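Have a look at the structure below, then the notes.
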Amino acid sequence: MIAIPGICGISPLAFSVAVGSAVAGERPSFVIFIADDMSWNDSGPHGHLGIRTPNIDRLAREGMRSMISYRARTVCGQTPSTANPASNFGRSNRAS
160 MIAIPGICGI SPLAFSVAVG SAVAGERPSF VIFIADDMSW NDSGPHGHLG
210 IRTPNIDRLA REGMRSMISY RARTVCGQTP STANPASNFG RSNRAS
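If you read the sequence shown in the numbering used here, its first letter stands for residue 160, the second for the next number, and so on.
Listed below in structure tokens is the structure:
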């Protein structure tokens, strides 16, 4: 397991590389996919042969693929609460 200081040290470095590689005057583009019951390998670029994802395939060919990702919540946690930093699952009255 990677320690929190290691993650905090790598994150700014990865962001600075993405920003530094952008052409002057252009803003870097980020695409964030939020899907229910989609695993890391449930798309064409990551090796799934039975699911057709032509748009994701094209984005992966033309851009960059992230082979390592991190989720800040448990697998059964609510996605909107993790996508919005101002929201917290326990404070948003969605906990049952």
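Using N, Cα and C, we set each Cβ at its ideal position, and we do this for glycine too.
Note that the structure is predicted; figures quoted are calculated from it, not measured.
Using three-state DSSP, classify D201 as helix, strand or coil. In the sequence shown, residue 201 corresponds to position 42, counting from 1. In the three-state reduction of the DSSP assignment, D201 falls in the coil class.
Below 8 Å between beta carbons: does that hold for D216 and G206? Taking the first residue of the sequence shown as position 1, residue 216 is located at position 57. Taking the first residue of the sequence shown as position 1, residue 206 is located at position 47. Not in contact: D216 and G206 (Cβ atoms no closer than 8 Å).
Pairwise C-alpha distance: D195 and R220: For the purposes of this step, residue 220 is taken as the residue at position 61 of the sequence shown. For the purposes of this step, residue 195 is taken as the residue at position 36 of the sequence shown. Distance between the alpha carbons of R220 and D195 is about 24 Å.
Is DSSP giving N196 helix, strand or coil here? For the purposes of this step, residue 196 is taken as residue 37 along the sequence shown, with counting starting at 1. Note that residue 196 is Asp in the sequence shown, not Asn. When secondary structure is reduced to three states using DSSP, D196 falls in the coil class, being assigned neither helix nor strand.
What residue range is occupied by the uninterrupted alpha helix (DSSP H) comprising P213? Position 54 of the sequence shown, counting from 1, holds the residue named residue 213. Residues 213 to 221.
Is the separation between the beta-carbon of D201 and that of I191 shorter than 8 Å? Residue 201 sits at position 42 when you count from the first residue of the sequence shown. Residue 191 sits at position 32 when you count from the first residue of the sequence shown. No, the pair does not count as a contact, with Cβ atoms beyond the cut-off.
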